[in-house]
Amino acid sequence: MTTALTLLAVQQQPVPEDVGKGGPFGLLLIVVLLIAVLWLGRSMGRHLKKVPRSFDPADQVPDSPAELMVDVPAREPGAELLDTLRRAPLAIEPPRRPQDGGTPGGRPAAG
Numbered sequence: 095m096t097t098a099l100t101l102l103a104v105q106q107q108p109v110p111e112d113v114g115k116g117g118p119f120g121l122l123l124i125v126v127l128l129i130a131v132l133w134l135g136r137s138m139g140r141h142l143k144k145v146p147r148s149f150d151p152a153d154q155v156p157d158s159p160a161e162l163m164v165d166v167p168a169r170e171p172g173a174e175l176l177d178t179l180r181r182a183p184l185a186i187e188p189p190r191r192p193q194d195g196g197t198p199g200g201r202p203a204a205g
């Protein structure tokens, strides 16, 4: 009989209130997050299908060294430097005026 009473006393121990309540809420949270991840992955896949494989046009990349020289115009040596100098502003000295004696800077000639 003492064994039966001990067994009944052990079985009637109070269970804490929060035991077993986290399971359903945790499962719901995991399912919601899984659905969100799947939806975002599907959306990203749709957006990636719209992106071109390469941003460089295929016609700009030559396939052989011979094609590299096809579009290059024949220019004289130094022509690029001359073009740059022609486009550069002439801010080093002011323009010459005939009434100032024709010297740079507008100063009359010594003499």
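In our numbering, the protein residues as written are 95 to 205.
Beta carbons: idealized from backbone N, C-alpha and C, even for Gly.
If you're wondering where the values come from, they're calculated on a predicted model, not measured in any experiment.
**Study point:** Span separating the alpha-carbon of valine 125 from that of methionine 138
**Key:** In the sequence shown, residue 125 corresponds to position 31, counting from 1. In the sequence shown, residue 138 corresponds to position 44, counting from 1. Rounded to the nearest angstrom, the two C-alpha atoms are 20 Å apart.
Check your understanding: Which class does alanine 173 belong to by DSSP, given the choice of helix, strand or coil?
Key -> Residue numbering aside, residue 173 sits at position 79 when the sequence shown is read from its first letter. Helix, per DSSP.
Exercise for review: Pick helix, strand or coil for glycine 205, following the three-state DSSP scheme.
Suggested key: The sequence position of residue 205 within the sequence shown is 111, counting from 1. With a pLDDT of 47 at glycine 205, under the threshold of 50, the predicted position of this residue should be treated as unreliable, though the coordinate-derived value follows. Coil, per DSSP.
**Study point:** Limits of the unbroken alpha helix (DSSP H) element including arginine 140
**Key:** If you number the sequence shown from 1, residue 140 lands on position 46. 116-144 is the extent of the alpha helix (DSSP H) around arginine 140.
Practice item. May I have the straight-line CA-CA distance separating arginine 169 from leucine 179, to the nearest angstrom? Key: Here the question's residue 169 lines up with position 75 in the sequence shown. Here the question's residue 179 lines up with position 85 in the sequence shown. Cα-Cα distance, rounded: 16 Å.
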